[in-house]
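J.: Please read through the structure below; I'll follow up with questions.
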Amino acid sequence: NDVTRGKTKPEAPRVIPWFRRSFVKQGQSVCKGRWVAVRYGNRIAYAQWEDVGPFVTDHYQYVFGNERPRANLNQGAGLDISPAVRDYLGMKGGKAYCDWKFVEAREVPSGPWRLYGDNNTFVQAKRGSQQARSELK
Numbered sequence: 796n797d798v799t800r801g802k803t804k805p806e807a808p809r810v811i812p813w814f815r816r817s818f819v820k821q822g823q824s825v826c827k828g829r830w831v832a833v834r835y836g837n838r839i840a841y842a843q844w845e846d847v848g849p850f851v852t853d854h855y856q857y858v859f860g861n862e863r864p865r866a867n868l869n870q871g872a873g874l875d876i877s878p879a880v881r882d883y884l885g886m887k888g889g890k891a892y893c894d895w896k897f898v899e900a901r902e903v904p905s906g907p908w909r910l911y912g913d914n915n916t917f918v919q920a921k922r923g924s925q926q927a928r929s930e931l932k
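Under our numbering, read the sequence shown as residues 796 to 932, first letter to last.
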């Protein structure tokens with residue numbers, strides 16, 4: 796995670812590729828809400844980054860580099876995904892291997908991931924345009 800105890804981690808500007816263009820203020824995450832593409836087999840789902848942990852929250856070499864996830868209490872999981880993403884990808888059982896990467900919102904194709912969630916950038920944009928139209932009436 797890029798924030799700990801209400802402060803931006805010192806390595807964040809150096810290791811997060813979009814940090815400089817997204818930084819707003821000290822202690823506000825530039826990762827939360829970012830889009831990720833998760834690939835399992837020949838399917839790809841898109842989801843928004845929520846947080847890290849609960850076991851390892853300081854492994855930027857994995858999140859933004861080339862290291863494998865550290866051993867942890869969660870059977871070495873490098874990514875926990877929502878049941879909706881799991882089901883969309885067709886993952887079976889409690890542990891599966893997948894690839895993932897951060898993507899820009901403009902790279903997120905149409906799909907169910909654009910339709911739901913209060914923090915979803917597409918849902919927020921749609922609400923904003925609907926509100927603007929209703930104010931014009």
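The beta carbon of each residue, even a glycine, is placed where N, CA and C say it ideally should be.
(1) How do the stretch 870–885 and the stretch 829–845 stand: do at least 3 beta-carbon pairs fall below 8 Å, yes or no?
(2) Does the stretch 840–847 touch the stretch 897–916, meaning 3 or more C-beta pairs lie closer than 8 Å?
(3) Using a threshold of 9 Å, state whether the C-beta atoms of V831 and D797 are closer than that.
(4) Taking the continuous beta strand (DSSP E) assigned at V833, which residues delimit it?
(5) With distances taken between CB atoms, is the gap from Y855 to E806 smaller than 9 Å?
(6) So if DSSP puts I839 in a beta bridge, which residue, or which two residues, is it bridged to?
(7) Output needed for G828: all residues of its chain with C-beta closer than 6 Å, excluding positions within five of it in sequence on either side, in chain order.
(8) Let me make sure I understand the geometry here. Which of V810, R922, P808, G912 has the alpha-carbon closest to that of A879?
(9) Tell me which residues share the same chain as G873 and place their Cβ nearer than 6 Å to its Cβ, disregarding the 5 neighbours each side in the sequence.
(10) With which residues is W895 paired in a DSSP beta bridge?
(11) Would you tell me roughly how many angstroms separate the C-alpha atoms of C893 and Q823, rounded to the nearest one?
T.: So, from the listed chains and residues:
(1) yes
(2) yes
(3) no
(4) Looking at the DSSP string, the run of the beta strand (DSSP E) that includes V833 is 830–835.
(5) yes
(6) R834
(7) Q843, N914
(8) It is G912.
(9) P864
(10) V833
(11) 29 Å
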